[in-house]
Structures are given as C-alpha cells and as structure tokens.
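Residue numbers (this note's numbering), protein chains in the order written: chain A, 1 to 303; chain B, 304 to 437. Scroll down for the structure; my scribbles are underneath it.
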C-alpha cells in the first residue's frame with residue numbers, strides 16, 4: 001500500500017512502559033504501562049485529573065516523560081518526532097485554529113504538513129457536517145472546530161488516530177456524528193489495520209467502538225481488559241426472596257446491596273459460583289446481566 | 304435486516320450479530336439471496352467498531368450461512384443448513400441450556416417447559432404455513 005513503511009506486523013502501535021510525569025511536585029502519571037496492538041480501538045478511561053491528557057501529551061512529544069518509555073510503532077516520539085508524527089493524527093480536547101483563516105485555508109494549511117491528503121473524504125465530510133469552506137475559523141462553534149479537526153485527522157489516512165477527550169462539551173448530535181466518522185471514514189481506509197487510541201470519561205458513547213481499554217486512576221493503570229471479556233466477567237445478579245434477604249456468605253462479590261427482600265450483587269468473575277450460592281436460598285426470582293463498560297468503570301473506581 | 308446490540312447480555316458483540324442472522328435465516332425473516340447491510344453503514348448505524356462487523360460477517364461466511372460477492376455485498380446462501388450435524392447440535396445445545404437455566408430461574412418446571420416447546424413448534428409452523436400460502 002502507498003505510504004506503508006516496512007515493519008514487523010507485531011510491533012504494537014503504542015507501547016508505554018512505567019511512564020511517570022509530574023507538574024512540579026504534583027505527580028500526574030505514576031508508572032503507567034499499557035500496550036495498544038495494531039488495528040485495535042483502545043480506550044483510556046479515567047476521571048478528570050486521572051492522567052489521561054498528560055499521557056497523551058507525552059505520546060505526542062508535547063511533554064517529556066520524567067521516566068519510563070513510550071514507543072509509537074517502535075519509535076521514540078522524542079527522538080523520531082517527524083517519523084512518529086507522520087504515522088499519527090490527533091484530535092485534542094481543546095481545538096485551536098488561526099481565527100483569520102477560513103475553513104478552506106485551515107485545511108489547506110494542515111494538509112501542507114502531510115504526505116497525503118484524501119480530497120474525496122475531505123469533501124464528503126465537509127458536506128456531511130454542513131461546514132462552509134469560506135467561513136472564518138474564528139467564527140466556528142466548538143462543535144464545528146472539532147469537526148474541522150476531525151476532518152484534518154482523517155484525511156491524511158494515518159495508521160494511528162489519537163483522540164483526547166474528543167467529544168466532551170459537544171452536543172449529542174455532533175458527538176454521534178464524530179463517532180460515526182471515526183468508525184466509517186477513518187476505519188474504512190485501512191482494511192482493518194487502523195488503530196484508534198481514545199481517552200475519554202464519556203464511556204457509554206464509545207462502548208461499541210472500544211475493543212480494549214485501560215482504566216487509569218491517580219496516574220496508574222488499575223484495570224486493563226478486552227471489552228467483550230470485561231462484559232463477560234462483570235456480572236450483576238439480582239434476586240428477590242419470599243422473606244428477608246438471607247444472611248449469606250457472599251465471598252468474592254465486588255459489591256452487595258440489600259433492601260428488604262431484594263438482593264443485588266456485582267461480581268467480578270466467579271458469577272457462576274455466586275449464582276449457585278444465591279440459588280441455595282431459593283429466591284422467588286433471580287436474574288443476571290452483564291455490566292456495561294461505564295458501570296465497570298464506576299465499580300472499579302468505587303471498589 | 305435491522306440489527307440490535309445489547310451490551311448487557313454478556314455475549315460478545317460479533318456473536319450477537321452472528322446469532323441474529325442465524326435467527327433471521329431460521330425464522331424466514333431473511334430469505335435465500337437476501338442482501339445483508341454493507342459493513343460500513345451498519346457499523347456507523349450501530350456505532351460499533353467496523354472490525355466487529357467484519358468479524359461477524361467472516362464468521363457467518365465460514366459457517367456457510369452467507370456468501371460475499373466482491374463488489375456486490377453479502378447475501379444469505381441457499382444451502383445455509385450445510386452445517387455439520389454435530390455443529391448444529393452444539394449450537395442448539397447452548398441455546399437450550401440457556402433456556403433451561405432461565406426456566407429454572409423463573410421456576411417453570413420441566414414438564415411445563417417441554418409442553419411450551421411443543422406449543423412454540425406448532426405456533427411457528429402455523430406462521431410459516433400462513434406465509435407460504437400468501
């Protein structure tokens with residue numbers, strides 16, 4: 001394929017090992033490690049201040065790690081900055097353009113830094129978002145600025161797309177279109193080889209896109225899982241009894257809630273054994289369901 | 304065909320799509336030669352990773368349920384029952400086990416469950432006959 005550089009297929013898109021970074025005495029990232037395999041959509045989930053943006057900035061060589069290492073397609077972003085930047089595109093949480101440039105001029109300016117630029121996709125997306133190429137960037141709404149930034153990130157057809165809180169502060173329609181564009185226009189171009197690395201705390205709307213994730217808290221990875229495996233592992237069991245909830249020993253439950261005759265258990269693995277145990281008390285009704293990624297996020301950070 | 308994704312089912316997303324096509328084929332909602340949605344629009348509509356849809360389709364292809372014609376799309380195959388007997392039995396066993404577990408939860412006893420199965424067979428057969436007469 002044009003522009004594809006020879007490389008080992010198994011080289012991860014991103015490899016972060018023991019990354020640390022501090023602002024003065026405040027440690028933002030404290031020994032973070034994660035690996036993003038090629039072709040995956042990888043989520044970095046965390047609360048505000050968990051260290052997501054700092055990690056992203058280290059990845060883009062906007063900040064220098066204090067210790068640990070980052071590799072993008074096997075390259076060091078600080079030492080091989082140009083080579084790394086030619087392989088990735090980035091949509092930041094705060095989009096800024098030169099206000100005096102029009103949308104057309106902004107895109108041309110950004111295209112001038114790129115080896116390739118897909119004009120067909122550019123036109124499709126301008127139409128889809130209803131953007132006026134003659135409009136000055138200074139007059140664009142926050143949503144429109146993000147849309148222009150997304151067009152500029154999709155058109156170079158890079159192997160890696162990095163998104164930092166891309167949809168926070170946008171209205172639901174723009175958020176929806178944003179994700180559809182990443183799935184459609186971006187993923188379409190790479191025949192399964194496009195990698196997406198997205199940091200967000202708006203987990204629900206990315207649920208279908210993310211196939212692997214790391215939950216980061218206090219600058220450390222607290223949970224890394226495959227999305228399907230996570231939903232299989234985290235289970236909510238609900239039961240109702242004829243009389244009060246029995247005093248059962250529910251070892252292994254992540255969380256137990258009782259109210260009158262009702263019992264709710266959140267299990268992190270071992271749901272089958274817990275289910276069996278609950279059944280021994282002969283509930284009137286019992287049901288199970290998987291936790292969604294956002295619920296897993298909350299359960300992990302509140303546990 | 305309209306797909307639905309349920310993140311609370313605990314079943315991998317691609318498998319949910321595979322099962323929905325199987326169910327549609329078995330019930331006649333999807334007939335031989337009927338096209339399946341193309342990968343990109345379906346991925347956008349469900350807001351599901353494109354690779355997940357591609358994985359579901361390639362699974363359906365390897366099961367012989369659909370065929371993909373380059374440039375034309377994917378279609379339900381004529382002889383989609385060409386699954387090996389033990390594979391078919393295995394697929395069905397999993398579904399039956401789930402239904403039995405559910406029956407247990409809802410305290411529907413064995414006899415009642417089996418009667419219900421008979422009733423459903425009759426009901427679906429009647430539906431199919433009614434459709435064929437049209």
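Yeah, the Cβ is synthetic: ideal placement off N, Cα and C, and Gly gets one too.
DSSP three-state call for residue i: helix, strand or coil?
i                     : result
residue 108 (chain A) : helix
residue 264 (chain A) : strand
residue 43 (chain A)  : strand
residue 167 (chain A) : coil
residue 429 (chain B) : helix
residue 418 (chain B) : helix
residue 56 (chain A)  : helix
residue 3 (chain A)   : Residue confidence is low: residue 3 (chain A) scores 43 on pLDDT, short of 50, so the model does not pin down where it sits. Its coordinate-derived value is still stated next. Three-state DSSP puts residue 3 (chain A) in coil, outside helix and strand.
residue 301 (chain A) : helix
residue 69 (chain A)  : strand
residue 318 (chain B) : helix
residue 241 (chain A) : coil
residue 434 (chain B) : helix
residue 146 (chain A) : helix
residue 203 (chain A) : coil
residue 216 (chain A) : strand
residue 189 (chain A) : coil
residue 113 (chain A) : coil
residue 305 (chain A) : With chain A represented from 1 up to 303, any question about residue 305 (chain A) goes unanswered, as that position is not in the structure.
residue 249 (chain A) : coil
residue 350 (chain B) : coil
residue 172 (chain A) : helix
residue 77 (chain A)  : coil
residue 96 (chain A)  : coil
residue 312 (chain B) : coil
residue 25 (chain A)  : coil
Take residue i as the anchor and find which of the options has the nearest alpha-carbon.
i                     : options                       : result
residue 188 (chain A) : A:254, A:121 and A:213        : A:121
residue 240 (chain A) : A:280, A:168, A:125 and A:221 : A:280
residue 48 (chain A)  : A:63, A:29, A:64 and A:42     : A:29
residue 44 (chain A)  : A:213, A:110 and A:144        : A:213
residue 86 (chain A)  : A:225, A:230 and A:161        : A:161
residue 205 (chain A) : B:358, B:405, B:347 and B:326 : B:347
residue 328 (chain B) : B:429, B:426 and B:366        : B:366
residue 185 (chain A) : B:373, B:401, B:323 and B:343 : B:343
residue 102 (chain A) : A:137, A:177, A:73 and A:250  : A:137
residue 99 (chain A)  : A:142, A:178, A:35 and A:174  : A:142
residue 211 (chain A) : A:84, A:197, A:226 and A:222  : A:226
residue 317 (chain A) : A:80, A:106, A:74 and A:50    : The question about residue 317 (chain A) has no answer, for chain A in this structure spans 1 to 303.
residue 326 (chain B) : B:356, B:352, B:426 and B:394 : B:394
residue 278 (chain A) : A:262, A:74 and A:293         : A:262
residue 150 (chain A) : A:173, A:171 and A:107        : A:107
residue 11 (chain A)  : A:73, A:17, A:34 and A:224    : A:73
residue 363 (chain B) : B:376, B:351 and B:324        : B:324
residue 376 (chain B) : B:336, B:317, B:319 and B:432 : B:336
residue 321 (chain B) : B:369, B:423 and B:399        : B:369
residue 209 (chain A) : B:331, B:316 and B:304        : B:316
residue 198 (chain A) : A:31, A:84, A:57 and A:64     : A:57
My assumption, with CB atoms under 8 Å, is that residue i sits in contact with residue j. Please give the rounded CB distance.
i                     : j                     : result
residue 183 (chain A) : residue 52 (chain A)  : No, residue 183 (chain A) and residue 52 (chain A) are not in contact; Cβ-Cβ is about 21 Å, not under 8 Å.
residue 59 (chain A)  : residue 37 (chain A)  : Actually they are not in contact, since the Cβ atoms of residue 59 (chain A) and residue 37 (chain A) sit about 16 Å apart, beyond 8 Å.
residue 414 (chain B) : residue 39 (chain A)  : That belief does not hold up - the Cβ atoms of residue 414 (chain B) and residue 39 (chain A) are roughly 51 Å apart, past 8 Å.
residue 378 (chain B) : residue 338 (chain B) : 5 Å
residue 260 (chain A) : residue 272 (chain A) : At roughly 26 Å, the Cβ-Cβ gap does not stay under 8 Å, so residue 260 (chain A) and residue 272 (chain A) are not in contact.
residue 203 (chain A) : residue 105 (chain A) : Rounded, the Cβ-Cβ distance is 36 Å, inconsistent with contact.
residue 408 (chain B) : residue 33 (chain A)  : That belief does not hold up - the Cβ atoms of residue 408 (chain B) and residue 33 (chain A) are roughly 41 Å apart, past 8 Å.
residue 306 (chain A) : residue 284 (chain A) : Outside the displayed range of chain A (1 to 303) lies residue 306 (chain A), so it cannot be described from this structure.
residue 266 (chain A) : residue 291 (chain A) : 7 Å
Answer with yes or no whether the minimum CB distance from residue i to chain D is below 8 Å.
i                     : result
residue 315 (chain B) : Note that chain D does not occur in the displayed structure, where the protein chains are A and B.
For residue i, list the residues DSSP reports as bridge partners.
i                     : result
residue 135 (chain A) : According to DSSP, which records beta bridges pairwise, residue 135 (chain A) is partnered with nothing at all.
residue 211 (chain A) : Its beta-bridge partners do not exist; DSSP assigns none.
residue 338 (chain B) : B:378
residue 161 (chain A) : A:89 and A:196
residue 235 (chain A) : A:267 and A:290
residue 222 (chain A) : DSSP lists no partner for residue 222 (chain A).
residue 15 (chain A)  : A:35 and A:71
residue 372 (chain B) : B:376
residue 30 (chain A)  : A:20
residue 255 (chain A) : A:266
residue 181 (chain A) : According to DSSP, residue 181 (chain A) bridges with nothing at all.
residue 102 (chain A) : A:136
residue 306 (chain B) : Paired residues: none, contrary to the question.
Review point. At a cut of 8 Å, does the stretch 109-119 of chain A reach the stretch 150-166 of chain A through at least three beta carbon pairs?
Key: They touch, by the three-pair rule.
Check your understanding: If you pair each beta-carbon of the stretch 88-96 of chain A with each one of the stretch 159-169 of chain A, do three or more pairs fall below 8 Å?
Key -> Contact holds: three or more Cβ-Cβ distances are below 8 Å.
**Study point:** At least 3 beta-carbon pairs within less than 8 Å: the stretch 305-317 of chain B vs the stretch 229-236 of chain A
**Key:** A contact between stretches requires three or more CB pairs, one per stretch, nearer than 8 Å, and the stretch 305-317 of chain B meets this requirement with the stretch 229-236 of chain A.
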